[in-house]
Structure formats: structure tokens, C-alpha cells
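Undergrad:
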Amino acid sequence: MVRPEYSSPPEFFYNEDEAKKYIRNSRIREIQSQMTERAIELLVLPDTPCLLLDIGCGSGLSGMTLNEFDHFWIGIDISIHMIKKKNSKINIFCK
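Per my numbering, residue 1 is the first one in the sequence shown, and the count goes up by one each step.
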């Protein structure tokens, strides 16, 4: 099976409608939070806040968990629609 990003441009699979579905799905939000917590555990970060890079940040679901752990983060994503669906507590800068 070919991954969607390899068969068409990102705008086709990561459009505004898909972004809405992604952030409204409570199961996705919960899984993303659990995966982020596990990643933090595996990174064995120091007890002080760290600056982390979230490649493929989407709407910032992982970033919200990073915030809860007092870390700072920078997120990038291929889909402007996902970034625009971010939580109101997250600042974005688009170019």
C-alpha cells in the first residue's frame, strides 16, 4: 500500500476538511497525547524545560502535551490547513 503523501500532493490529503476531522476526533487526540508522553519518556530529558522540534506537528496536538511538561517547542508541517487548525493557545508564524 502506497502512503498518500507519495501518490498526490499534500493539499489533496491534508486539506481543510481532513484537518477538521483530525482535530475533532477524540481518539486521535488521546493517542497523540499518549505517544508524546512516551516520546518524552524515551528521550530521557533533563528536569529543566527543553526546546524541542516537532516535525509534522499538524495542528499542534503533541505541542499541547509538551506545554504541559513545561517544554518549549517549534513545529513545522507540510499542511497549512493543519497548522491553521491549531489550538488558540499556540502561536503560529506562517511564511
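Beta carbons are placed, not taken as given, at the ideal position from N, Cα and C, and that holds for glycine.
Within 10 angstroms of the Cβ of D70, are there 16 or more other Cβ atoms? Answer buried if so, exposed if not.
TA: Locating residue 70 in the sequence shown gives position 70, counting from the first residue. Its Cβ having fewer than 16 others within 10 Å, D70 is exposed.
Undergrad: Excluding the 5 residues flanking L51 on each side, which residues of the same chain have their C-beta closer than 6 Å to its C-beta?
TA: Here residue 51 refers to the residue found at position 51 of the sequence shown. F72.
Undergrad: Would S59 be called buried (16 or more neighbouring beta carbons within 10 Å of its own) or exposed?
TA: If you number the sequence shown from 1, residue 59 lands on position 59. Buried, by the Cβ-count rule.
Undergrad: Going by beta carbon distance, what residues of the same chain come within less than 7 Å of G56, once the five residues before and after it are set aside?
TA: Indexing the sequence shown from 1 puts residue 56 at position 56. Here the set comprises D77.
Undergrad: Whole angstroms are fine: how far does the CA of I80 sit from the CA of E11?
TA: For the purposes of this step, residue 11 is identified with residue 11 of the sequence shown, where counting begins at 1. For the purposes of this step, residue 80 is identified with residue 80 of the sequence shown, where counting begins at 1. Cα to Cα, the separation comes out at about 9 Å.
Undergrad: Got a sec, what are the start and stop residues for the alpha helix (DSSP H) G63 sits in?
TA: Residue mapping note: residue 63 aligns to position 63 of the sequence shown, counting from 1. Looking at the DSSP string, the run of the alpha helix (DSSP H) that includes G63 is 61-68.
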